[in-house]
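Below is one structure, written out as structure tokens; comments come after it.
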Amino acid sequence: MGNKQDSPPYNPLDIPEIRDLIAHYLDRKDFLSCIRVSRDWFLYFILPIWKTIDFEKDATTFTKIASGVLNKYGRFISQAVNISDLDHLQALQHSKVNSLKFIKVQLSISCIYQQILSDTIRRSEGSLQLIDIFAEPSDPDTLAEQRKHGKHFFNTADAISSLPKSSGEGCVMRQDICRFCPILKDIRFDQGDPATTSALLAKTFEGLESCTLSTQVLAASTVLGLIAHQDSLTSIAVTKSIIGGDTETLKDASTMQWLYMIPLLCPHLQILSLEPFICDIDEIENHNWACGDLQELRVRVKGLDDPQDIKACLKQVCLQKRVCQDAVVFKDKATVVARVAQYLLQFKRLRIICLGTQVYNLPSCSA
Numbered sequence: 004m005g006n007k008q009d010s011p012p013y014n015p016l017d018i019p020e021i022r023d024l025i026a027h028y029l030d031r032k033d034f035l036s037c038i039r040v041s042r043d044w045f046l047y048f049i050l051p052i053w054k055t056i057d058f059e060k061d062a063t064t065f066t067k068i069a070s071g072v073l074n075k076y077g078r079f080i081s082q083a084v085n086i087s088d089l090d091h092l093q094a095l096q097h098s099k100v101n102s103l104k105f106i107k108v109q110l111s112i113s114c115i116y117q118q119i120l121s122d123t124i125r126r127s128e129g130s131l132q133l134i135d136i137f138a139e140p141s142d143p144d145t146l147a148e149q150r151k152h153g154k155h156f157f158n159t160a161d162a163i164s165s166l167p168k169s170s171g172e173g174c175v176m177r178q179d180i181c182r183f184c185p186i187l188k189d190i191r192f193d194q195g196d197p198a199t200t201s202a203l204l205a206k207t208f209e210g211l212e213s214c215t216l217s218t219q220v221l222a223a224s225t226v227l228g229l230i231a232h233q234d235s236l237t238s239i240a241v242t243k244s245i246i247g248g249d250t251e252t253l254k255d256a257s258t259m260q261w262l263y264m265i266p267l268l269c270p271h272l273q274i275l276s277l278e279p280f281i282c283d284i285d286e287i288e289n290h291n292w293a294c295g296d297l298q299e300l301r302v303r304v305k306g307l308d309d310p311q312d313i314k315a316c317l318k319q320v321c322l323q324k325r326v327c328q329d330a331v332v333f334k335d336k337a338t339v340v341a342r343v344a345q346y347l348l349q350f351k352r353l354r355i356i357c358l359g360t361q362v363y364n365l366p367s368c369s370a
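Quick note on the working numbering: the sequence shown kicks off at 4 and runs consecutively.
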């Protein structure tokens, strides 16, 4: 008599290979049909059904889901995005919605919203990895006036910096992040003021691995806040401000000097993007970058803005990498083209490079 596990499945469709094959071609409605095939199919397809709740698409349906349904399936929700209404937040207020990994919120500022959002974060304290919160300050713009309306500032830099330092309200979100998001490793600052951003970097987060910030929040203090995480940061990207042009100039010259220090003091960097700024090859050469495992670099260099020069530079880098040589063959080694190419060759693992035009993929060493 054969083993039980060798007997054919009760349902002829209950074959793992079929599940894997068709899963890539199905949408959520199809998944609902698939979970009825067998228990194995149920366990396989229930995850993609509940994994992401996008309130731009799912708000009408999700806000009407009965508590009993969430009691069964709430634990499968790992992403809640485009939360923009109080009803959206309230729909997530269930004890079984406790395994969120990513939450994206865009709300007006309200103490009610803040409390409910804090509760949502608290329930998923053991799983949350990424929080994306965008909030606009609302009128009235003083704490006393907002109390009359049951509102106070929340999250945005202008809001937090305007609160009295002795006020507990200004610390609520920072305390919640510290307490309930201990494994948060990836953050993004799109707007705000440098003082608030640098304070959050220095005092709130621990062991950051990835940080993206706009030029709007960039200052010497912000860079120092980043350097505070030099032992853990593997990715730093500076993006253009919404109001900025193709390139931007820092008002404070010392900030640019501190930017040159990032690859010098952050040895574990694998991704570095400083595209909004034009760097000086003299300054780059004067700072011996410590990030030997750099894999992706996006930077503009002064004097290297002609597309043909950029192509010539990267062509030499590609040729030298293919034969595993560290020296660039140029007649005039003093040109910015040769100097940039020579500097790039020290990064043996560099695979993606952008010098202001298009993105190039570099070959690996053939040896």
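All C-beta atoms, glycine included, are put in the ideal place defined by N, C-alpha and C.
Determine the contact status of F105 and I134, defining contact as a CB-CB distance below 9 Å. Stepping through the sequence shown from its first residue, residue 105 is reached at position 102. Stepping through the sequence shown from its first residue, residue 134 is reached at position 131. Yes; because the gap between Cβ atoms is below 9 Å, this pair is in contact.
Mapping the DSSP letters down to three states, classify E299 as helix, strand or coil. Residue numbering aside, residue 299 sits at position 296 when the sequence shown is read from its first letter. Secondary structure at E299: strand, using DSSP grouped into helix, strand and coil.
Flag this pair as yes or no: are the beta carbons of D57 and P19 separated by less than 9 Å? By 1-based counting over the sequence shown, the position of residue 57 is 54. By 1-based counting over the sequence shown, the position of residue 19 is 16. No, they are not a contact pair.
What are the residues that DSSP puts in a beta bridge with V241? Position 238 of the sequence shown, counted from the first residue, corresponds to residue 241. DSSP lists L216 as partners of V241.
Given this structure, state the Cα-to-Cα distance separating V362 from L277, to the nearest angstrom. Taking the sequence shown and counting its residues from 1, the one referred to as residue 362 is at position 359. Taking the sequence shown and counting its residues from 1, the one referred to as residue 277 is at position 274. Distance between the alpha carbons of V362 and L277 is about 14 Å.
Since R303 contacts I281 with CB under 8 Å, what's their CB separation in whole angstroms? As a position in the sequence shown, residue 303 is number 300, starting the count at 1. As a position in the sequence shown, residue 281 is number 278, starting the count at 1. Contact between R303 and I281 holds: their C-beta atoms lie close to 5 Å from each other, under 8 Å.
Would you decide whether L50 is buried or exposed? Buried here means 16 or more other CB atoms lie within 10 Å of its CB. For the purposes of this step, residue 50 is identified with residue 47 of the sequence shown, where counting begins at 1. Label assigned to L50: exposed.
Proximity of A205 and T258 at Cβ, strictly below 9 Å: Within the sequence shown, residue 205 is the residue found at index 202, counting from 1. Within the sequence shown, residue 258 is the residue found at index 255, counting from 1. Contact flag unset, no.
Would H371 and Q233 be called neighbours here (beta carbons separated by less than 9 Å)? Missing from the structure shown is residue 371; the chain here goes from 4 to 370 and no further.
Sort T66, D88, L46, D30 by Cα distance to F79 and report the nearest one. By 1-based counting over the sequence shown, the position of residue 79 is 76. Relative to the Cα of F79, the nearest Cα in the group T66, D88, L46, D30 belongs to L46.
Roughly how many angstroms lie between the CA atoms of K314 and A198, to the nearest whole one? Translated into positions along the sequence shown, residue 314 becomes position 311. Translated into positions along the sequence shown, residue 198 becomes position 195. Answer to the nearest angstrom: the Cα atoms are 40 Å apart.
Would Q117 and K188 qualify as a contact pair, given that the criterion is a beta-carbon distance under 9 Å? Looking up residue 117 in the sequence shown gives position 114. Looking up residue 188 in the sequence shown gives position 185. Judged by beta-carbon spacing, K188 lies beyond the 9 Å limit of Q117, meaning their Cβ atoms are not closer than that value.
Opening and closing residue of the beta strand (DSSP E) in which E20 lies: Counting from one through the sequence shown, the residue named residue 20 turns up at place 17. Note, E20: premise wrong, no beta strand (DSSP E); alpha helix (DSSP H) at 19–25.
Runs of beta strand (DSSP E) wholly within the segment 90–122 (minimum 3 residues, chain order): Restricting attention to beta strand (DSSP E) runs no shorter than 3 residues, the segment 90–122 encloses them at 105–111, ordered along the chain.
Between which residues of its own chain and Q219 is the CB-CB distance below 6 Å, once the five residues before and five after are set aside? To locate residue 219, count along the sequence shown from 1; it is residue 216. Taken in chain order, the residues that qualify are Q194, S244.
May I have a chain-ordered list of the alpha helix (DSSP H) segments no shorter than 4 residues that lie completely inside the segment 44–97? Counting whole runs of 4 or more residues, the segment 44–97 contains the alpha helix (DSSP H) stretches 58–65, 70–76, 89–94.
Opposing strand residues paired with N364 [DSSP bridges]: The residue you call residue 364 lines up with position 361 of the sequence shown. Partner residues in the beta bridge of N364, as assigned by DSSP, are I355.
From S102 to L358, what distance separates their C-alpha atoms? Indexing the sequence shown from 1 puts residue 102 at position 99. Indexing the sequence shown from 1 puts residue 358 at position 355. Cα to Cα, S102 sits roughly 41 Å from L358.
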